[in-house]
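All residue numbers in the sequence shown are consecutive under UniProt numbering, ending with 102. Ideal Cβ positions, reconstructed from N, Cα and C, are used throughout, including at glycine. Here the structure comes first, spelled out in C-alpha cells, and everything after it is commentary.
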Amino acid sequence: MGTTSKRIEGKVDELKGKVKKTFGAATDNDRMELEGRAEQLKGEAKQEGAKAVERVKGKVEELAGAAKAKVGELLDNEQAEVEGRATELKGVARQAANQSKH
1 MGTTSKRIEG KVDELKGKVK KTFGAATDND RMELEGRAEQ LKGEAKQEGA
51 KAVERVKGKV EELAGAAKAK VGELLDNEQA EVEGRATELK GVARQAANQS
101 KH
C-alpha cells in the first residue's frame, strides 16, 4: 500500500474516531468515547508514518539531485547540472509537503 493510501486510510480512521468520541461524550458513554479517541490516534499515527516515509524519500531525492548537479558542474555538463538541481528541488518540496503538524 502506497503512502497516499496510508494517509487516506489514516484520515478515515481519524474522522471515524472523532465521530465516535463525540457521540460517546454526547451520550455519556465513556467506553465509546475512549474507543473513539483510540481510533482517532491510530489514524493520526498512520498519517504521520506515511509523512515520515515521504520525508525520507524527499531527502534521498534532495541528496541525489545535489550530487548529480555537482557532477554536472564538475564535468561542465549543463544538462546534468540542471536535472540535478530539479531533482534536488523536488526532494525539498516533497519534504516540505509532508511536514508534521506538530
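Go to residue i, then tell me how far its alpha helix (DSSP H) extends in each direction, as first and last residue.
i	result
Ser5	3-26
Leu74	30-74
Gln79	78-97
Buried or exposed: which applies to residue i, given that a residue is buried once 16 or more other Cβ atoms fall within 10 Å of its Cβ?
i	result
Arg31	exposed
Gly17	buried
Lys51	buried
Gln40	buried
Gly10	buried
In terms of alpha-carbon separation, which member of the options lies closest to residue i?
i	options	result
Ala97	Lys59, Gly65, Arg85	Lys59
Lys20	Arg37, Ala86, Gly72	Arg37
Val53	Glu9, Gln79, Arg94, Leu74	Arg94
Ser5	Gln99, Gly49, Thr27, Ala80	Gly49
residue 116	Val82, Gly2, Glu44	Since the first residue shown for the chain is 1 and the last is 102, residue 116 is missing from the structure and cannot be characterised.
Gln99	Gln79, Ala86, Arg55	Arg55
So residue i packs on residue j, CB below 8 Å; how close in whole Å?
i	j	result
Lys46	Asp76	Not quite, the Cβ-Cβ distance comes to about 47 Å (not below 8 Å), so this is no contact.
Glu88	Gly72	With a Cβ gap of about 11 Å, Glu88 and Gly72 do not count as contacting.
Glu62	Gly84	Not really, about 10 Å apart at Cβ, beyond 8 Å.
Glu81	Ala67	The Cβ separation is near 11 Å, so there is no contact.
Ala25	Glu33	5 Å
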